[in-house]
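Protein chains in written order, with the working numbering: chain A, 710 to 1051; chain B, 710 to 1051.
All C-beta atoms in this analysis are idealised placements derived from N, C-alpha and C, irrespective of residue type, glycine included.
Since the structure is predicted, the reported quantities are computational estimates derived from the model, not experimental observations.
Next up, the structure:
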């Protein structure tokens, strides 16, 4: 095992805005040996997500920044290649923060979970049955508290989190309105993710289109953008609205914070609430969320899309592509051959 | 009775920003006769409050705008001069939305309450035992949910609402930090309202002073300003912070909304909440709040200040003066002689 090569994607320079390919480098190192209590994991899928911008930023954040020269932090799905922890056996599918690399030797306690729902593709542990689906589930239901017949608006509506939010809101009996960029994503919102209305924010006239799609105002706004889309949505909040701040995809740098229209008057007049969400506050409740999401997938109530790039050399440029909106569905990198995927 | 004169302050022109004296006119009309079921009220004290800017604005609001030519909407304290409602007797002290005028004939159901706690000055029904105290009570306790040892920051800390918020937070065992304009108000915060620390925002270096006064971050921010003070406070929120939006005193016009640093990243990283508060949502619970506030006043746990102007001709310019910060304490207009005050 240790004779092989472990390719690692390391952080080479700290970006001030969105991480680009040049901020990373690929380095070859020996495959590590697991010590007592450790498992050696062969990564199969690496995750690409908007939050990675924060993870490599030096600005205060909820996670320690990835150190310069360190392997890029990432959720992955892998298989146990060797185990010195009696809880795991070779061939087990597992997920956790194993980084952008071929192999990781980690303590058994660092495995986030063993994937047992193998009737659903294991790659979903990085999307709809991972952080993305769990974020949608807990953010919408806990912070948004949607009620039947309320209007729920979702920005990045065709994305990995947003598409799941829209479908969970639909399951709750809400009217769902998706906002996405470009006709392809808007069609996906309508045809695949069941939104009652979908708006292309790039096509102009956003405020009028929101007003038309939300004649009774907006009860829940699930936001992943924090820019001009939000500015337009905030003008149509209903009394008692809940705004969930889950991401800030449209802002290229927070240092310093960009200017936007102040929100206080909307919040005051509508007695509305804006609240930030971080999935890691809900770790103890992941099993509940995963069970519901898996059941809904099996029942055909939640659809998902994946955008799979091939080969670890795609990883360095993949975050920037995500911010350019070039993916349709959850972006992943497959780094193992079919035979290793089992 | 009907032979006398009723002076009324009417809205003459609709201001785009803060109402000035020239937006009102004083008109003399006959004293109205109460019809069956009505009471005739002799107003004693008129209230002056920041929310009046919204009441005369044509921009969408939670209350219908005061019509052009209409008597200015205002809470007042008055005495019943004549009654054709068996629930009220001449001489009763009452409070309600009786307007900037000497006399009002209103249905008995329009009386907000009869003032029975006459061991405390009746003028307090317009301040600490009225909307201001009730706002402080419900906004802080319901939206802010302060816990012992948490840090509570209050903007307009020496004002009618803010001073009460600071003292209620202190009763809850919180560390309280007041922000006010000028050395006189800062001294009042420290010496009269019991703040643990008080900051003069006009003296510069606000961010550093907030950081020094709040070494563990800010758990609850009670805001009445919505401007640069808030921008500085938001940078020091603690994880799980609650921001209560109660007023927007530092913004001279919301049409269009002024620009400020976007808040989404603060809310996201700190999983913080910003929520608008309107006291009229709590009408059913006023008795509970008034009882607690009166008990705290009698126990010496809540102090209050009043800034009383003499004569109805002071009313038209009094809102602008409030926004200039020229008052120390709740601003009122006394429009009746000592003999009428009982």
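For this session: Rounded to whole angstroms, what's the CA-CA distance from residue 852 of chain A to residue 931 of chain A? Just pull it up for me.
Result: Translated into the one-based positions of the first chain, residue 852 of chain A becomes position 143. Translated into the one-based positions of the first chain, residue 931 of chain A becomes position 222. Distance between the alpha carbons of residue 852 of chain A and residue 931 of chain A is about 10 Å.
Exercise. Is there a Cβ from chain B that is less than 7 Å from the Cβ of residue 957 of chain A?
Worked result: Residue 957 of chain A sits at position 248 when you count from the first residue of the first chain. Closer than 7 Å to some Cβ of chain B, the Cβ of residue 957 of chain A qualifies, so yes.
Exercise. At least one CB of chain B closer than 7 Å to the CB of residue 1043 of chain A: is that the case?
Worked result: As a working note, residue 1043 of chain A is residue 334 in the first chain. The Cβ of residue 1043 of chain A sits no closer than 7 Å to any Cβ of chain B.
Problem set entry | Every unbroken alpha helix (DSSP H) inside the stretch 858 to 893 of chain A [4 residues or more] | 871 to 880
For this session: Please go through the same chain and pick out, in chain order, the residues whose beta-carbon is closer than 8 Å to the beta-carbon of residue 710 of chain B, but skip the five residues on each side of it.
Result: By one-based count along the second chain, residue 710 of chain B stands at place 1. Confidence in residue 710 of chain B is poor, its pLDDT being 43 and thus under 50, which makes the residue's placement too unreliable to answer from.
Exercise. Who are the Cβ neighbours of residue 775 of chain B in its own chain at under 8 Å, not counting the five residues just before and after it?
Worked result: The residue you call residue 775 of chain B lines up with position 66 of the second chain. Only 720, 764, 765, 781 and 782 meet the Cβ criterion.
For this session: Counting only runs of 3+ residues fully inside the stretch 792 to 858 of chain A, write out the beta strand (DSSP E) ranges in chain order.
Result: If we require 3 residues or more, the beta strand (DSSP E) runs fully inside the stretch 792 to 858 of chain A come out as 802 to 805 and 812 to 816.
Problem set entry | Own chain partners of residue 955 of chain A with C-beta closer than 7 Å, once the 5 adjacent residues on each side are dropped | Indexing the first chain from 1 puts residue 955 of chain A at position 246. Within the same chain, residue 955 of chain A has close Cβ partners 844, 848, 870, 931, 932, 933 and 986.
Exercise. Residue 919 of chain B lies in the alpha helix (DSSP H); which residues open and close that run?
Worked result: Here residue 919 of chain B refers to the residue found at position 210 of the second chain. Element bounds for residue 919 of chain B: 915 to 922.
Exercise. So what's residue 927 of chain A in DSSP terms, helix, strand or just coil?
Worked result: Along the first chain, read from residue 1 onward, the residue named residue 927 of chain A stands at position 218. Note: residue 927 of chain A maps to strand in three-state DSSP.
For this session: Would you verify that the beta carbon of residue 971 of chain A is, or is not, closer than 7 Å to some beta carbon of chain B?
Result: Looking up residue 971 of chain A in the first chain gives position 262. Judged by the 7 Å Cβ criterion, residue 971 of chain A is in contact with chain B.
For this session: Would you mind telling me which residues of chain A sit closer than 8 Å to residue 981 of chain B, beta carbon to beta carbon, in chain order?
Result: Working through the second chain from its first residue, we reach residue 981 of chain B at position 272. Going along chain A in sequence order, the residues near residue 981 of chain B (Cβ under 8 Å) are 984 and 985.
Exercise. How would you call residue 1041 of chain B, buried or exposed, if buried means at least 16 neighbouring beta carbons within 10 angstroms?
Worked result: As a first step, residue 1041 of chain B must be located in the second chain, where it is residue number 332. Buried, because 16 or more other Cβ atoms sit within 10 Å of the Cβ of residue 1041 of chain B.
For this session: For residue 711 of chain A, decide whether its Cβ has a neighbour in chain B, counting only Cβ atoms nearer than 7 Å.
Result: Numbered from its first residue, the first chain carries residue 711 of chain A at position 2. For residue 711 of chain A, the predicted structure reports a pLDDT of 44, less than 50, and the residue's modelled location is therefore unreliable. The matter cannot be settled from this model.
For this session: Rank A:928, A:966, A:817 and A:872 by C-alpha distance to the C-alpha of residue 1015 of chain A and give the top, closest one.
Result: Within the first chain, the letter at position 306 stands for residue 1015 of chain A. The option with the nearest alpha carbon to residue 1015 of chain A is A:872.
Problem set entry | Cβ shell of residue 734 of chain A (< 6 Å), same chain only, five flanking positions each side left out | Taking the first residue of the first chain as 1, we reach residue 734 of chain A at position 25. Excluding residues within five positions, the ones whose Cβ falls inside 6 Å are 719 and 721.
Problem set entry | residue 951 of chain B burial status per 10 Å Cβ neighbour count (16 or more: buried) | Walking along the second chain from the start, residue 951 of chain B turns up at place 242. Residue 951 of chain B is buried by the Cβ-count criterion.
For this session: Check whether the stretch 954 to 970 of chain A touches the stretch 968 to 985 of chain B, taking contact to mean three or more Cβ pairs, one atom from each stretch, closer than 8 Å.
Result: yes
Exercise. Can a CB atom of chain B be found closer than 7 Å to the CB of residue 866 of chain A?
Worked result: Locating residue 866 of chain A in the first chain gives position 157, counting from the first residue. Judged by the 7 Å Cβ criterion, residue 866 of chain A is not in contact with chain B.
Exercise. Thinking C-alpha only, which one of B:928, B:797 and B:793 is nearest residue 858 of chain B?
Worked result: For the purposes of this step, residue 858 of chain B is identified with residue 149 of the second chain, where counting begins at 1. Out of B:928, B:797 and B:793, B:928 has the C-alpha closest to the C-alpha of residue 858 of chain B.
Exercise. Checking contacts by CB at 7 Å: is residue 719 of chain A closer than that to chain B?
Worked result: Locating residue 719 of chain A in the first chain gives position 10, where the first residue counts as 1. Taking Cβ atoms only, chain B never reaches closer than 7 Å to residue 719 of chain A, which makes this a no.
Exercise. How is residue 985 of chain A classed by DSSP in three states: helix, strand or coil?
Worked result: Translated into the one-based positions of the first chain, residue 985 of chain A becomes position 276. Correct three-state label for residue 985 of chain A: strand.
For this session: Mind reading off the beta-carbon distance from residue 709 of chain A to residue 757 of chain A? Whole number of angstroms is fine, and I expect it under 8 Å.
Result: Outside the displayed span of chain A (710 to 1051) sits residue 709 of chain A, for which this structure offers no information.
Exercise. Using a C-beta to C-beta distance shorter than 7 Å, which residues of chain B count as neighbours of residue 963 of chain A?
Worked result: Start at 1 with the first residue of the first chain, and residue 963 of chain A comes out as number 254. What residue 963 of chain A touches in chain B: 974.
For this session: Look at residue 802 of chain A and residue 822 of chain A and say whether their C-beta atoms are less than 7 Å apart.
Result: Within the first chain, numbered from 1, the residue matching residue 802 of chain A stands at position 93. Within the first chain, numbered from 1, the residue matching residue 822 of chain A stands at position 113. No, they are not a contact pair.
Problem set entry | Residue closest to residue 948 of chain A, alpha-carbon to alpha-carbon, out of A:976, A:715 and A:964 | Position 239 of the first chain holds residue 948 of chain A. The candidate whose alpha carbon is nearest that of residue 948 of chain A is A:976.
For this session: Reducing DSSP to helix, strand and coil, say where residue 729 of chain A ends up.
Result: Taking the first residue of the first chain as position 1, residue 729 of chain A is located at position 20. In the structure shown, residue 729 of chain A sits in coil (DSSP, three-state: anything other than H, G, I, E or B).
Exercise. Are residue 903 of chain A and residue 918 of chain A closer than 7 Å when you measure CB to CB?
Worked result: Working through the first chain from its first residue, we reach residue 903 of chain A at position 194. Working through the first chain from its first residue, we reach residue 918 of chain A at position 209. It is not a contact, given that the beta carbons lie outside the stated cut-off.
For this session: Return yes when at least one heavy atom of the ligand COA lies under 6 Å from the C-beta of residue 792 of chain A, else no.
Result: Among the components modelled here there is no ligand, and therefore nothing to report on the ligand COA.
For this session: Please decide whether residue 967 of chain B counts as near chain A, where near means a Cβ-Cβ distance under 7 Å.
Result: By one-based count along the second chain, residue 967 of chain B stands at place 258. So yes, residue 967 of chain B belongs to the interface.
For this session: Below 7 Å CB to CB, which residues in the same chain sit around residue 905 of chain A once its five sequence neighbours on both sides are set aside?
Result: Taking the first residue of the first chain as 1, we reach residue 905 of chain A at position 196. Within its own chain, the residues whose Cβ lies closer than 7 Å to the Cβ of residue 905 of chain A, once the five positions on either side in sequence are excluded, are 884, 885 and 886, listed in chain order.
Problem set entry | Span separating the alpha-carbon of residue 850 of chain B from that of residue 833 of chain A | For the purposes of this step, residue 850 of chain B is taken as residue 141 along the second chain, with counting starting at 1. For the purposes of this step, residue 833 of chain A is taken as residue 124 along the first chain, with counting starting at 1. One C-alpha to the other measures close to 43 Å.
For this session: Compare the C-beta of residue 954 of chain B against all C-beta atoms of chain A and say whether one is closer than 7 Å.
Result: Your numbering for residue 954 of chain B matches position 245 in the second chain. Chain A contact via Cβ: present.
Exercise. So, using beta-carbon positions, are residue 813 of chain B and residue 747 of chain B closer together than 7 Å?
Worked result: As a working note, residue 813 of chain B is residue 104 in the second chain. As a working note, residue 747 of chain B is residue 38 in the second chain. Taking 7 Å as the Cβ cut-off, residue 813 of chain B and residue 747 of chain B do not qualify as a contacting pair.
Problem set entry | Within the stretch 729 to 771 of chain A, ranges of the alpha helix (DSSP H) (whole runs, at least 4 residues) | 761 to 764
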